[in-house]
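2 protein chains.
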Amino acid sequence: MPQPYEILFKTLADPTRRAIFERLCRDGEQTVKTLTARAGVSQPAVSKHLGVLRRAGMVRDRHEGRQTHYSAQLGALAPLVDWTQQMAGFWQSRFDDLEDLLERMDQ
Amino acid sequence: MPQPYEILFKTLADPTRRAIFERLCRDGEQTVKTLTARAGVSQPAVSKHLGVLRRAGMVRDRHEGRQTHYSAQLGALAPLVDWTQQMAGFWQSRFDDLEDLLERMDQ
DNA sequence: TCAATTGATAACTCATTGGCTATTGATCGC
DNA sequence: GCGATCAATAGCCAATGAGTTATCAATTGA
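Line order of the protein sequences matches chains V and B.
Just so we're aligned, residue 1 is where the first sequence starts under full-length UniProt numbering, counting upward by one.
Just so we're aligned, residue 1 is where the second sequence starts under full-length UniProt numbering, counting upward by one.
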């Protein structure tokens, strides 16, 4: 099974795509048209990024007539937090191990 | 000035490179040789990844004779935490705005 | 001293990907 | 119904980047 944060890191690596996600977090639900207006790239490029974000579970789409509204799924960031905490945990436990060792040497 | 998390996302996007960083967090300081033994790629590939990690400020190198010891710099992950909290903050404030609106409508 | 070890760099290949234009499908307003 | 609008897809291109092998520089030890 693939790590859940694997796809998150890949998806967030592109600045344009990350900017789109940030905008959805900041301003809430947006149509492709409004997103395109400020993205600095063409509409197909925006659609492609939104597709990547959607497949990563980071956004939801809602169809309404001919427009599609996208919104951020904040919960999708959880694996990122978990990963960071795990790294910090490794760090801490190595520190603890060192403390244990020094303590035992001290006796 | 470039966003501090920009380079972090890019650096962490590659699985091999992220695995090297994880290993340094988990097991502490390692030489290039020991890292190469488990990386699944050639020594030059490992060196290249370590160079990327170093330029991103995520690892430090320490030269000792002909070997180079690398160690993780956990503090480098701070911008990642900041970014995540910022996204959560946007989310929360939009929620607050909605609450305010509903409250005012309720009067 | 000289062979072996360690790690970095050079030079190259190949796959991935982010961008574009063109087009299609679908829906809306007149 | 028909032209306009909105979004997705197809097809293409160029840049990036991760991997390789070959090689070099530096250090070690026999």
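All C-beta atoms in this analysis are idealised placements derived from N, C-alpha and C, irrespective of residue type, glycine included.
Interface annotation, Val46 of chain V: not in contact with chain B, CB-CB separation never under 8 Å. Between Met87 of chain V and Leu12 of chain B, the C-beta spacing is not below 8 Å. From the beta-carbon of Arg17 of chain B, no residue of chain V is found nearer than 7 Å; the closest lies around 10 Å away. Looking at the DSSP output, Val59 of chain V bridges to V:Ala72.
Judged by DSSP secondary structure, Glu22 of chain B falls within the alpha helix (DSSP H) whose first and last residues are 15–27. Shown here, Gln3 of chain B sits in coil according to DSSP, grouped into three states, outside any helix or strand. The shortest C-alpha to C-alpha distance from Trp91 of chain V to any of B:Cys25, B:Ala39, B:Val32 is the one to B:Cys25.
Taking all protein chains shown into account, Arg62 of chain B has fewer than 16 neighbouring C-beta atoms within 10 Å of its C-beta and is therefore exposed. With fewer than 16 other CB atoms across the displayed protein chains lying within 10 angstroms of its CB, Phe95 of chain B is exposed.
Non-local beta-carbon contacts of Leu50 of chain V in its own chain, meaning distances under 6 Å to residues more than five positions away in sequence, involve Tyr70 in chain order.
Here Thr16 of chain B is exposed, its C-beta having fewer than 16 other C-beta atoms within 10 Å. One Cα belongs to Pro4 of chain V, the other to Leu80 of chain V, and the distance between them is close to 9 Å. For Thr84 of chain V, a Cβ of chain B is located within less than 8 Å of the residue's own Cβ. Residue nearest to Gly89 of chain B within the set V:Asp27, V:Val59, V:Arg55, V:Phe9 is V:Asp27 (criterion: CA-CA distance).
For Ala13 of chain B, the neighbours in chain V by C-beta distance under 7 Å run, in chain order, Phe9, Lys10, Ala13. Residue range 32–39 is occupied by the alpha helix (DSSP H) that includes Val32 of chain V. A Cβ-Cβ separation of about 7 Å places Ala56 of chain V in contact with Ala76 of chain V under the 8 Å criterion.
Within chain B, the residues Phe21, Glu22, Cys25, Arg26, Ala72, Leu74, Leu77 have their CB atoms less than 9 Å from the CB of Met87 of chain V, given in chain order. Looking at the DSSP output, Gln67 of chain V bridges to V:Glu64. Using beta-carbon distances, Arg55 of chain B does not count as an interface residue toward chain V, since no partner is under 8 Å.
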